[in-house]
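Count along the sequence shown from 1, then add 1; that gives the number in the numbering used here.
Glycine included, C-beta positions come from ideal geometry on N, C-alpha and C.
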Amino acid sequence: MITVGFVCLGNICRSPMAEAIMRQRLLDKNITNVQVASRGTGKWNLDQPPHEGTQDILNRHDIAFDGMISELFTSDDDFDYIIAMDQSNVENIKQINPNIRGQLYKLLDFSDMEETDVPDPYYTNNFEGVYKMVQSSCDNLIDFIVKDSNLERGKA
């Protein structure tokens, strides 16, 4: 089983959005051997559901997020692929766990956009724009993981 962990600051906006989108896209592509989670590097929102704006955009696109609550990224997290939303997240991840075993990327490394960081809609309120960035990047990330890990679709 391949594991993917999306990481943002509070784990209520970007990373849970990415987790939910990624799960849906994996299901759509019949890829059953990838497990997805999300975490935050800050403690402010622990045990909270996704932000209302994240919930609204996921509901509009019929993407499930039932049971998701914010969790803290720790040195015990052992994801094969750690996907940060911005450079600040990358630095925080490295500080929390200097000996990361998994591959660390920013989500927009898997995008053809000029931007390198996914802006935080908690501050910008642009949940639709962030959704578009995350959705297109997740498709490219799936293609990368399938190739990088020699995965076969539909096999566990």
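- With a cut-off of 8 Å on Cβ pairs, the segment 128–139 is not in contact with the segment 66–77, counting fewer than three such pairs.
- With contacts defined as CB atoms closer than 9 Å, I58 and F128 qualify as a contacting pair.
- The segment 97–136 contains, as complete alpha helix (DSSP H) runs of 4+ residues, the segments 122–125 (chain order).
- Excluding residues up to 5 positions away in sequence, C14 lie with their Cβ nearer than 6 Å to the Cβ of Y123 in the same chain.
- For the 9 Å CB-CB criterion, F7 and I84 form a contact.
- Within 10 angstroms of the beta-carbon of M86 lie 16 or more other beta-carbons, which makes it buried.
- Distances from the CA of G130 to each of N12, C9, D29, M18 were compared; the closest alpha carbon is that of M18.
- Non-local beta-carbon contacts of S112 in its own chain, meaning distances under 8 Å to residues more than five positions away in sequence, involve M134, S137, S138, N141 in chain order.
- In the structure shown, the three-state DSSP call for Q49 is coil.
- Comparing C-alpha distances from L108 to each of E53, D29, Q25, S39 shows the shortest one belongs to S39.
- Burial is judged here by how many other beta carbons sit within 10 angstroms of a residue's own beta carbon; Q88 has fewer than 16 and is exposed.
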